[in-house]
Amino acid sequence: MTDNNEIRTRFAPSPTGYLHIGGARTTLYNWLYARHCGGKFVLRIEDTDEVRSTADSVQAILDSISWMGMDWDEGPLDFEHEKGPMGSYYQMKRLPLYQQYVRQLLAEGKAYYCYCSKEELEAIRHSAQAEQRASYDGHCYKLTDAQKRQYEAEGRKPAVRFRMPDEGATVVPDLIRGDVSFENRLQQDLVIQKTTGGPTYNFACVVDDHAMRISHVIRGDEHLSNTPAQIQMYRALGWEPPKFAHLSMILGPDGTKLSKRHGATSVLEYRDQGFLAEALRNYLGLLGWANTESQQLFAPEELIRAFDLPGCQKNPATFDPVKLTWMNGEYMRKLAVPDVISRAEPFLMAAGLLPVRPGPTLEKVVALEQEKFKLLKDVPERVDFFYREAPPTPQADKVLRAPGVKDVLLGLAELLQVCAPFEDKALEAGIRQFCAQRGLKAGAVFHPLRAAVSGRTEGPTLFLMLEIMGRGTVVSRLQGAAAKLS
RNA sequence: GGCGCGUUCGUCUAGCGGCCUAGGACGCUGCCCUCUCAAGGCAGAGAUCAGGGGUUCAAAUCCCCUACGCGCCA
9 MTDNNEIRTR FAPSPTGYLH IGGARTTLYN WLYARHCGGK FVLRIEDTDE
59 VRSTADSVQA ILDSISWMGM DWDEGPLDFE HEKGPMGSYY QMKRLPLYQQ
109 YVRQLLAEGK AYYCYCSKEE LEAIRHSAQA EQRASYDGHC YKLTDAQKRQ
159 YEAEGRKPAV RFRMPDEGAT VVPDLIRGDV SFENRLQQDL VIQKTTGGPT
209 YNFACVVDDH AMRISHVIRG DEHLSNTPAQ IQMYRALGWE PPKFAHLSMI
259 LGPDGTKLSK RHGATSVLEY RDQGFLAEAL RNYLGLLGWA NTESQQLFAP
309 EELIRAFDLP GCQKNPATFD PVKLTWMNGE YMRKLAVPDV ISRAEPFLMA
359 AGLLPVRPGP TLEKVVALEQ EKFKLLKDVP ERVDFFYREA PPTPQADKVL
409 RAPGVKDVLL GLAELLQVCA PFEDKALEAG IRQFCAQRGL KAGAVFHPLR
459 AAVSGRTEGP TLFLMLEIMG RGTVVSRLQG AAAKLS
């Protein structure tokens, strides 16, 4: 048996596309809150839009949530399997339930059939606007039996509307915004069952949130306006409404709602760009929520412990990929070397660095470069030159073409052929001595050396890099670079 | 158009009437460290708290109006 006071949250996506950043944050906050309270997190698929819902979308959403490291206690496991005691968590498999309650409301006179056509509705809306009323006037509520028979005879298929009170106000007690009051006479009688017989979003959502014993509905701002109607539905059905918390939305850099034209918006895209799930989670956790210390970095358990609804922001937040990237770098640096390698595996494979190539071990080169990784895809990029010689970058090329460099490289090649042991300290000593002998400044030797050997002007600490690269590679690259300078 | 929500450095935010000449983080600039690049350390620029009225001895904080942005009705 479930405990009556149990905290239960839910995320209820429509499977009409991938999980985007906004949805991911809503999921995260529901998940965090459930975990924070020791409650349950439920996933429900709102697939009543039959034409736009797809199995692929369901899978993409499940994959996204799982990738982000969030788990759900009840809901679909894939398109066929589900877990949890509430029957199905796909709305399309729960149709009889909605119909049952529609019948109940109809029988109690709390809902009514509406026969209006699109055109008629349009006309009603027009006059309603002029008269400052709700955009549906309850036209069909006032129908006589004769009129109803008439419509039926015409073969009209009715929708079902929920009857809103004419007077008073409905207060939405919102955990983030406080009490928000709506005048009932301005609320229209919402359709709860479409002419096709399927439930509308607002109704299915009420029925399911109640049936699934959801205690806290944490969702996007865009649903706030529908909430008074939903609250009335709860009351009409004799149910206690859940607690509500409406999250502000996420904006793109130009201040409009985050969308595809701002670049990547899908969680999976961020994964594929080499972001770490824990960094995305941390960043999203902070986008619209903060604790009083303005703490930035949260270990997973720490976020769960700290998260609470009152800390949620009322105003919309702009998504900042730059800060996300910084945060990702923070997490990249904290990872153990073997973890960096295993997490970067897809990127290493794509770059042809896995299976391992001849040369130093990945552990060695990754350890050497780790402090510079911001994204997983940086791993192959920064490490590649240990395994493959690439043409020098323009900056490196410039360094190599400076006067006298050829002699320096040849001299170094000679030196490094014999310098022993071929390790960090000894190499540094040998090369510094080489500088002194030739009366060269350290920089005049170090920079060309780095450029010749790695093809770059920046990289890991020089002597350790040489050691790891190995005598053979170092010497041959020096000779090769010198040869190209003739 | 109606209703609703929102408005603190470029961005994310702290702030719940005196501790605010507004704090932190990202980004930016400079310095230090240094074989480069990062990382790190230090310093700095950056917000008349959307604007205007109140209330109060005292307001970013409470109230009202306006503007702008966003959402829902669509």
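Here the first sequence stands for residues 9 to 494, where the numbers follow this note's numbering.
Ideal Cβ placement from N, Cα and C applies to all residues, glycine included.
This one's a predicted model, so the numbers in the text were calculated from it and none came from an experiment.
Rounded to a whole number of angstroms, what is the C-alpha to C-alpha distance between residue i and residue j?
i: Glu5; j: Leu376; result: Past the edges of the chain, shown from 9 to 494, lies residue 5, and the structure says nothing about it.
i: Glu230; j: Lys265; result: 11 Å
i: Ser22; j: Thr56; result: 8 Å
i: Lys406; j: Ala428; result: 30 Å
i: Leu292; j: Ala212; result: 29 Å
i: Ser223; j: Gly260; result: 31 Å
i: Arg279; j: Met357; result: 15 Å
i: Phe87; j: Pro354; result: 26 Å
i: Pro400; j: Gln67; result: 44 Å
i: Glu175; j: Glu191; result: 7 Å
i: Asp81; j: Ser484; result: 59 Å
i: Tyr144; j: Arg193; result: 10 Å
i: Asp262; j: Tyr37; result: 25 Å
i: Thr204; j: Lys156; result: 18 Å
i: His89; j: Lys101; result: 13 Å
i: Lys251; j: Val179; result: 12 Å
i: Ala448; j: Gly480; result: What sits at residue 448 in the sequence shown is Leu, not Ala. Straight-line Cα distance between these residues: approximately 25 Å.
i: Leu284; j: Leu343; result: 11 Å
i: Lys382; j: Ser96; result: 42 Å
i: Val453; j: Ala410; result: 11 Å
i: Phe49; j: Asp71; result: 16 Å
i: Glu309; j: Arg341; result: 19 Å
Between the beta-carbon of residue i and the beta-carbon of residue j, is there less than 8 Å?
i: Leu311; j: Leu40; result: yes
i: Glu54; j: Ala32; result: no
i: Tyr26; j: Leu276; result: yes
i: Val387; j: Val345; result: no
i: Cys320; j: Ala253; result: yes
i: Phe471; j: Leu417; result: no
i: Gly296; j: Ser267; result: no
i: Ile29; j: Thr333; result: no
i: Tyr123; j: Cys148; result: yes
i: Gly442; j: Leu474; result: The sequence given here places Phe at residue 442; Gly does not occur at that position. Against a cut-off of 8 Å, the Cβ pair of Leu474 and Phe442 comes out as no contact.
i: Leu486; j: Leu424; result: yes
i: Gln281; j: Ala237; result: no
i: Gly77; j: Leu51; result: no
i: Pro368; j: Ile439; result: no
i: Met94; j: Met220; result: yes
i: Cys45; j: Ile15; result: yes
i: Ala491; j: Leu408; result: no
How would you label residue i, buried or exposed, when you count the other beta carbons within 10 angstroms and need 16 or more for buried?
i: Arg111; result: exposed
i: Asp216; result: buried
i: Ala460; result: buried
i: Lys385; result: buried
i: Glu286; result: buried
i: Met9; result: Confidence is the limiting factor: at Met9 the pLDDT is only 43, short of 50, which leaves the residue's position unreliable, though a coordinate-based value still follows. Exposed: under 16 other Cβ atoms inside 10 Å.
i: Val330; result: exposed
i: Ala161; result: exposed
i: Val225; result: buried
i: Gln445; result: exposed
i: Gly117; result: exposed
i: Leu305; result: exposed
i: His455; result: buried
i: Gly4; result: Here the chain comprises residues numbered 9 to 494, so residue 4 is not present and cannot be evaluated.
i: Val373; result: buried
i: Ile412; result: First, the amino acid is wrong: residue 412 is Gly here, not Ile. Gly412 is exposed by the Cβ-count criterion.
i: Gly463; result: buried
i: Ala437; result: exposed
i: Val482; result: buried
i: Arg18; result: buried
i: Arg390; result: buried
(request) Indicate whether the contact test is met: 3 or more Cβ pairs, each with one atom in the stretch 187-202 and one in the stretch 165-175, closer than 8 Å. (result) Counting Cβ pairs under 8 Å, three or more are found: they touch.
(message) With three or more beta-carbon pairs closer than 8 Å as the criterion, would you say the stretch 347-365 touches the stretch 391-407?
(response) Per the Cβ contact rule, the stretch 347-365 is in contact with the stretch 391-407 (3 or more Cβ pairs under 8 Å).
(message) Taking contact to mean 3 or more Cβ pairs, one atom from each stretch, closer than 8 Å, check whether the stretch 48-63 and the stretch 236-249 are in contact.
(response) Not touching, per the Cβ criterion.
(message) What ranges does the beta strand (DSSP E) occupy inside the stretch 76-115, keeping only unbroken runs of at least 3 residues that lie completely in it?
(response) Whole beta strand (DSSP E) segments, 3+ residues: zero.
(message) Under 8 Å, with one C-beta from each stretch per pair, do the stretch 303-318 and the stretch 183-198 reach the 3-pair mark?
(response) Judged by Cβ distances under 8 Å, the stretch 303-318 makes contact with the stretch 183-198, as three or more pairs qualify.
(message) In chain order, what are the residue ranges of uninterrupted alpha helix (DSSP H) at least 4 long that sit wholly in the stretch 214-276?
(response) Listed in chain order, the complete alpha helix (DSSP H) runs (minimum 4 residues) inside the stretch 214-276 are 235-244.
(message) Suppose only complete runs of 4+ residues qualify. What are the alpha helix (DSSP H) ranges in the stretch 296-344, listed by chain order?
(response) Scanning the stretch 296-344 from its first residue to its last, the whole alpha helix (DSSP H) runs of 4-plus residues come out as 308-314 and 329-342.
(request) At 3 residues or longer, and completely inside the stretch 32-64: list those beta strand (DSSP E) runs for me, N to C. (result) Complete beta strand (DSSP E) runs here, min 3: 48-51.
(request) Report the residue ranges of all alpha helix (DSSP H) runs contained in full by the stretch 153-216; include only those spanning at least 4 residues, in chain order. (result) Counting only runs that start and end inside the stretch 153-216, the alpha helix (DSSP H) elements of at least 4 residues fall at 153-161.
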